[in-house]
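> Residues in the sequence shown are numbered from 234 upward in steps of one, following the numbering used here. Here a beta-carbon is modelled for each residue, glycine too, at the ideal position from N, C-alpha and C. The following block contains the structure, expressed as structure tokens.
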Amino acid sequence: MATVEIFSAEVCPYAHRTRLVLMHKGVDFSLAEIDLSNKPDWFAEVSPYGKVPSIRHDGRIVYESAIINEYIDEVFPEPALMPTDPHARAMARIWVDYGNTRFNVASYKLMRENDTAVQGALREELDACLAFMEDGMAKLGAGPYWLGASPSLIDFSYYPFFERFCNVEHYRGYRIPASCGRILTWIDTMKALPIVREIANTPEFYIERAKAYAQPTAQAAE
Ligand SMILES: N[C@@H](CCC(=O)N[C@@H](CS)C(=O)NCC(=O)O)C(=O)O
């Protein structure tokens, strides 16, 4: 029996992060797909916040993707996904946090906003986030990953949101600016990783599932 169980949902970028970390580490795990619109009664026992992902390892629960991923990195240390130097570790956590609290929020706000008059300011907010990330990547190292020659928790934290970026392009006509060359190259590097390819979904898959919140009016009219 696998020592790790992940409670996941195909559509969820946060669960996607954890699946990639488990796969990159070669951890033997089993996956329970949760229907988020009809959660089973027992789900509350394995996910106190009622969200995916959550994992059970050796009979104990861990939840919140950024925390799960650090836990997995500690329990299954090879290949290491965090730097060893304390300051570099702090910076890696700051970048993961930037994704969670700024970049993801900016993308999501633009996706939810139907009023084109308001979308302009949100596009600028997203431009600013991407420019900040581009600059951060340039300062961190030569690439092709965020921290250099091999992937880290930062890469696996951000990638799922870029696999779904087709939604922002499709529903809002927003494209990653050409000035973000490092980010664009990094996306291609991530997409080429065998584990990423193994569980990647098509743009059509995401675009269909994002319809309900990107086009609530159209959805209601159907
Ligand atoms: N901060 C959480 C976010 C996870 C999250 O928002 N998961 C969503 C799916 S993408 C979810 O489970 N939503 C179900 C709900 O809130 O009822 C993490 O990083 O794990």
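#1: DSSP three-state call for Ala242: helix, strand or coil?
#2: Using the Cα positions of Ile239 and Ala277, report the straight-line distance between them to the nearest angstrom.
#3: Excluding five sequence neighbours on each side, which residues of the same chain lie with their C-beta closer than 6 Å to the C-beta of Ile342?
#4: What residue from Tyr282, Pro286, Ser241 and Phe309 has the CA that sits closest to Gly259's CA?
#5: Suppose you measure from the CA of Asp306 to the CA of Ala350; what does that come to, to the nearest Å?
#6: With a CB to CB cut of under 7 Å and the five nearest residues on each side skipped, what residues in its chain are close to Thr236?
#7: Can Ala447 and Met370 be called in contact, C-beta distance under 9 Å?
#8: If you measure from the CB of Asn400, is any heavy atom of ligand 1 nearer than 8 Å?
#9: Does at least one heavy atom of ligand 2 sit under 8 Å from the Cβ of Val244?
#10: For Lys372, count the other beta carbons within 10 Å of its own beta carbon; 16 or more makes it buried, fewer makes it exposed. Which is it?
#11: For the alpha helix (DSSP H) containing Ser383, list its first residue and its last residue.
According to the structure data:
#1: In the sequence shown, the residue the question calls residue 242 occupies position 9. Residue state, collapsed to three classes: coil.
#2: Mapped onto the sequence shown, residue 239 falls at position 6. Mapped onto the sequence shown, residue 277 falls at position 44. Using only the alpha carbons, I get a separation of about 14 Å.
#3: Against the sequence shown, residue 342 aligns to sequence position 109. Rather than Ile, the amino acid found at residue 342 in this sequence is Lys. Cβ neighbours of Lys342 beyond the five flanking positions: Leu355.
#4: What you label residue 259 is simply residue 26 of the sequence shown in a count that begins at 1. Comparing Cα-Cα distances from Gly259 to each of Tyr282, Pro286, Ser241 and Phe309, the minimum goes to Phe309.
#5: Here residue 306 corresponds to residue number 73 of the sequence shown, with the count starting at 1. Here residue 350 corresponds to residue number 117 of the sequence shown, with the count starting at 1. Asp306 and Ala350: Cα-Cα distance of roughly 44 Å.
#6: Your numbering for residue 236 matches position 3 in the sequence shown. A distance below 7 Å between beta-carbons, with the five flanking residues on each side excluded, links Thr236 to the following residues of its chain, in chain order: Asp261, His290 and Asp291.
#7: In the sequence shown, residue 447 corresponds to position 214, counting from 1. In the sequence shown, residue 370 corresponds to position 137, counting from 1. Cβ atoms of Ala447 and Met370: not closer than 9 Å.
#8: For the purposes of this step, residue 400 is taken as the residue at position 167 of the sequence shown. Flag unset: Cβ of Asn400 not near ligand 1.
#9: This structure lacks ligand 2; its bound ligands are ligand 1.
#10: Mapped onto the sequence shown, residue 372 falls at position 139. By the beta-carbon neighbour count (other beta carbons within 10 angstroms, threshold 16), Lys372 is exposed.
#11: The residue given as residue 383 occupies position 150 in the sequence shown. In this chain, Ser383 is not harboured by any alpha helix (DSSP H), its DSSP state being neither H nor E.
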